[in-house]
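J.: Each residue of the sequence shown is one higher than the last, beginning at 2 in this note's numbering.
Glycine included, C-beta positions come from ideal geometry on N, C-alpha and C.
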Amino acid sequence: MSKDLYNSKENKNRMEYTIYTTEEFDKEFNKLDKSEQTRVNKILKQLKEKVGNVGKPLSGLSFFREKKFGNKRLYFLIYENFLVILVISISDKKAQQATINRILLDIKEYQQYILEIVKKSKN
Numbered sequence: 002m003s004k005d006l007y008n009s010k011e012n013k014n015r016m017e018y019t020i021y022t023t024e025e026f027d028k029e030f031n032k033l034d035k036s037e038q039t040r041v042n043k044i045l046k047q048l049k050e051k052v053g054n055v056g057k058p059l060s061g062l063s064f065f066r067e068k069k070f071g072n073k074r075l076y077f078l079i080y081e082n083f084l085v086i087l088v089i090s091i092s093d094k095k096a097q098q099a100t101i102n103r104i105l106l107d108i109k110e111y112q113q114y115i116l117e118i119v120k121k122s123k124n
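1. Thinking C-beta only, is Phe26 closer than 8 Å to Ile86?
2. By Cβ distance below 8 Å, which residues in the same chain neighbour Tyr80 in space, the five residues on each side in sequence not counted?
3. Tell me which residues share the same chain as Val41 and place their Cβ nearer than 8 Å to its Cβ, disregarding the 5 neighbours each side in the sequence.
4. By DSSP, does Ser92 sit in helix, in strand, or in coil?
5. Taking the alpha-carbon of Leu106 as reference, which of Ser60, Gly53, Tyr21 and Gly56 has the nearest alpha-carbon?
6. Can you name the residues that DSSP bridges to Lys68?
7. Hey, Val55 and Leu48 are a contact pair by Cβ (cut 8 Å); roughly how many whole angstroms apart?
8. Mark Lys57 as exposed unless 16 or more other C-beta atoms lie within 10 angstroms of its C-beta, in which case mark it buried.
9. With 16 as the cutoff for other CB atoms within 10 Å, does Glu24 come out buried or exposed?
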């Protein structure tokens, strides 16, 4: 898993979120064509600026979201208490439900990963 794609900066009224990505996301991102990569980068920038207003909540969980772009979906978890977004994966409509189910199965591991990152950053 890789670190922050965009440097966090303190805003006058609030702290911006830090975005982390998984290896899975990184591999899928690198397979995208340049226009799709540009679109994903714009979504990530939006996430930092308007976290709660980007994407559709999934499985009744407000912190688990997807954002559509073209015929694909970007999946991410929002950890408000740590000001962190973990971008997990990209899939097409065909693999959408399988991707959602797998993320739900692994949700505790993602949380543990974020806890470890937050712990390290405080030291």
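T.: Based on what the coordinates show:
1. Locating residue 86 in the sequence shown gives position 85, counting from the first residue. Locating residue 26 in the sequence shown gives position 25, counting from the first residue. No; because the gap between Cβ atoms is not below 8 Å, this pair is not in contact.
2. To locate residue 80, count along the sequence shown from 1; it is residue 79. Counting only Cβ-Cβ distances below 8 Å, and skipping sequence neighbours, we find Phe64, Ile86, Leu87, Gln112 and Ile115.
3. Along the sequence shown, read from residue 1 onward, the residue named residue 41 stands at position 40. Close CB contacts of Val41 within its chain, under the 8 Å cut and outside five residues either way in sequence, are with Phe30, Leu33, Phe70, Leu75 and Ile91 (chain order).
4. Translated into the one-based positions of the sequence shown, residue 92 becomes position 91. DSSP places Ser92 in strand when its eight states are reduced to three.
5. Taking the first residue of the sequence shown as position 1, residue 106 is located at position 105. Each of Ser60, Gly53, Tyr21 and Gly56 was checked against the Cα of Leu106, and the nearest Cα belongs to Ser60.
6. Indexing the sequence shown from 1 puts residue 68 at position 67. As a beta-bridge residue in DSSP terms, Lys68 pairs with Leu75.
7. Counting from 1 along the sequence shown, the entry for residue 55 is found at position 54. Counting from 1 along the sequence shown, the entry for residue 48 is found at position 47. Confirmed, about 5 Å.
8. As a first step, residue 57 must be located in the sequence shown, where it is residue number 56. Under this definition Lys57 is an exposed residue.
9. As a first step, residue 24 is located in the sequence shown; it is residue number 23 there, counting from the start. Per the 10 Å Cβ criterion, exposed.
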